[in-house]
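See structure below.
Residue numbers (my numbering), protein chains in the order written: chain A, -2 to 266; chain B, -2 to 266; chain C, -2 to 266.
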């Protein structure tokens, strides 16, 4: 792993993930569950959706990584999320946080703030969510779809969130940004059709979690965004609209090879 | 908008919806969530699934319309539904009610009765559900699939429900009926394959909600049923069975144009 | 029904199911709900997902069969599962139990044990789950994907579980085993792609439930596994990866005919 952020490093991470077949524990929203499970399977991971407070700590113990997503949060689920994150930390297992809709309601923002300080390895959100977490104001979030502005503002917000939480922050959009403290990597891939298929952002967070089972957080985030974006670009070319995009995305992940990754992803400063 | 109920009026409503991209708040059942979100995105709306009592009122405040569907109801969800409907009324925002399985169990019928009087703009159900709401007896509902009889009985039941609740009632089936008091519009479109793909009725209710963000309730219901039926007809012709129907439906909505709408929908008295 | 376990017997069961269109009540996990509903519709059954303790007993009363699946269990759901199973027994209606992830956590194993003794007609699980239920130790289960060993061990575990619970046990994998006491039927069909699409095992349990509405438990399990496996084999041949498998599975079930069943399924001792 001498050279970071290159196609070779991403490809080797994917090969290792496929060989290891990590068990990824998801406490995620109802909308994202099925597509997240299918994408994790196509990627080469083993997904599980387990949310009861009565068992999340035990399940963390047998998992390789954890993904927590507050898309359809409610108090019993939030309790379980806190328990699972704490146990992951106690066991030294990486967990990924997806603060869906942070900024949309006070409840959601408060829960995001509470979970963000429980030392996630990676926080993955869209520009509006990351800006909301950075304190840029609730106006940046329109439901769960980002309406926030320029890339520079997003990268700055990601840096602020990373410094406050200690997490790697992956702010995704037309251009993706992976930020750890002041270190910054931009990634260009994917397709404009992707935001028209629900929960593909949430599912990306699960993919990041899968990669944290085989790489440190920053490398895991970069590998996940690269592989997912490449698959999304291939998938979109097989579609006339967004309807078949999740199925095509699974096939593209299942069939992903070194050449496709090279062709479909650009790493920029 | 001088001429109601014509293809031109429906087309202009769709164009306005696509331009506005309304945020549609859904409190819906687990089965319908993903397909509803995908259909709303393909239509041109922005979906959100938010159900916690702790935040539904705040989310109504930032939404353009609300859809409440009791398909997989339970007491915490019903509490949130009541709160959300009340807040929508207080803010003058339209909400749509889908009384899934009304008549199938006493609990479901009681909850339907309680929500129906909270002034929904539109109630959308199948023939059995609408007849149950009209008091035609629980025998008309077999689970969530309608087994009820003739169109005349359905239209009469819709009229009774509309008079009692003040809502526009959309009773859908082989022929759809949109009823407001004694005003009645029948719409023919769609395909017999559609009931073989789950939650497409529930999803239609979400589409009605999206149109209430740009048109008054009766016009919204008519536009939604026309656009959805046209897309369903196109989608079914691309299928050998029901498996790919949801994906094809999304593509057909995404690609919907004026000529397709004209060709695939008939308005009758 | 003089000849059991033959293609003719399976085909006649499917014809009867299609004619009867049984209402199948599911209390299942969030991940499996949509695909289970779609598969049941394509098969010819009428699905309903109903889980509130306030109505499950009433819903069992109007259903033809019940499927209980603990994939995303939590205490309110487990309470409803117990009520529904008890009412099904009281009314003489068959119910099917899917002990998803039994062995993965103590909570899950305890709930499985509690439900397994409520006289399910059929228990359907993968090798790891069935071995865990037989007391082969929690090590056999890795999340919800089986990593357990040879077919002989699986068949022996299925026999032990059948003797203890009185249920027919269907242990599915590359080769499926249907066991009732010491009677044993092996079935070969399906495709290696199927475990890469989420919840297809859970969905098979719902298909077993549908067949219990038209056949006694052992015949129902055999018919379900044969029809589902045949459809899976056909579906997989239309796929380059797992993405479109659920949709293709639905189409294959919808189009299933006598010749396909004959060609795609082998019954072995």
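C-beta atoms are modelled at their ideal positions from N, C-alpha and C, and glycine is treated no differently.
Note that the structure is a prediction, hence the values are computed from the model and not measured.
- Taking the Cα positions, residue 95 (chain B) is about 24 Å away from residue 241 (chain B).
- Listed along chain A, no residue sits closer than 9 Å to residue 155 (chain B) by beta-carbon distance, the nearest being about 31 Å off.
- Every alpha helix (DSSP H) stretch that sits fully inside the region 25 to 56 of chain C and reaches 4 residues is listed by chain position as 30 to 40.
- In the three-state scheme derived from DSSP, where H, G and I count as helix and E and B as strand, residue 86 (chain A) is classed as helix.
- In this structure, residue 117 (chain A) keeps its C-beta atom at 7 Å or more from the C-beta atom of residue 180 (chain A).
- The beta carbon of residue 169 (chain A) lies closer than 7 Å to those of 121, 123, 198, 201 and 222 in the same chain, with the five residues before and after it left out.
- In this structure residue 254 (chain A) is exposed. Its beta-carbon is surrounded by fewer than 16 other beta-carbon atoms within 10 angstroms.
- Contact note: residue 28 (chain A) reaches chain B through 30, 31, 34 and 46, using a C-beta cutoff of 7 Å and chain order.
- Spatial neighbours of residue 47 (chain B) in its own chain (CB-CB distance under 8 Å, excluding positions within 5 residues in sequence) are listed in chain order as 22, 23, 24, 53 and 56.
- With a threshold of 7 Å between beta carbons, residue 109 (chain A) makes no contact with chain B.
- Leaving aside the five residues that flank residue 91 (chain A) on each side, the residues in its chain whose CB is nearer than 6 Å to its CB run, in chain order, 62, 118 and 209.
- Between the alpha carbons of residue 49 (chain B) and residue 73 (chain B) lies a gap of roughly 8 Å.
- Of all residues in the region 226 to 256 of chain C, the ones placed with a Cβ closer than 9 Å to any Cβ belonging to chain A are 236, 237, 238, 239, 240, 241, 242, 243 and 244, in chain order.
- Contact annotation, residue 131 (chain C) with residue 154 (chain C): C-beta distance approximately 4 Å; criterion of less than 8 Å satisfied.
- A straight-line Cα-Cα distance of about 33 Å links residue 28 (chain C) and residue 256 (chain A).
- For the pair residue 13 (chain C) and residue 214 (chain C), the Cα-to-Cα distance works out to about 15 Å.
- Under DSSP, residue 23 (chain A) shares a beta bridge with A:46 and A:64.
- For residue 264 (chain A), there are no neighbours in chain C by C-beta distance under 9 Å, as the nearest C-beta there is about 26 Å away.
- Pairing residue 262 (chain A) with residue 45 (chain A), the inter-Cα distance amounts to about 29 Å.
- The continuous beta strand (DSSP E) containing residue 173 (chain C) extends over residues 173 to 177.
- Counting along the chain, residue 95 (chain B) sits inside the beta strand (DSSP E) bounded by residues 92 to 95.
- Membership of residue 215 (chain A) in the alpha helix (DSSP H) is indicated by the continuous run 214 to 234.
- Bridge pairing for residue 182 (chain A): A:175 [DSSP].
- Residue range 263 to 265 is occupied by the beta strand (DSSP E) that includes residue 265 (chain B).
- A distance below 6 Å between beta-carbons, with the five flanking residues on each side excluded, links residue 157 (chain A) to the following residues of its chain, in chain order: 131.
- By the neighbour-count definition (other C-beta atoms within 10 Å, threshold 16), residue 88 (chain C) is an exposed residue.
- Of all alpha-carbon atoms in B:265, B:97 and B:249, the one lying nearest the alpha-carbon of residue 37 (chain B) is that of B:249.
- Nearest CB-CB separation between residue 188 (chain A) and chain C: not below the 7 Å threshold.
- Sequence-distant Cβ neighbours of residue 148 (chain C) in its own chain, meaning closer than 6 Å and more than five residues away, are 172.
- Listed along chain C are 101 and 102, each with a C-beta nearer than 7 Å to that of residue 56 (chain A).
- In the structure shown, residue 160 (chain A) adopts helical secondary structure according to DSSP, grouped into three states.
- When rounded, the separation of the alpha-carbon atoms in residue 228 (chain A) and residue 259 (chain A) is 12 Å.
- Interface residue (Cβ-Cβ distance to chain A less than 7 Å): residue 115 (chain C) is not classified as such.
- In terms of Cβ geometry, residue 238 (chain C) and residue 252 (chain A) form a close pair [threshold 7 Å].
- Within chain C, no residue has its beta carbon less than 7 Å from that of residue 261 (chain A); the closest one is some 17 Å off.
- With its beta carbon less than 7 Å from one in chain C, residue 51 (chain A) belongs to the interface.
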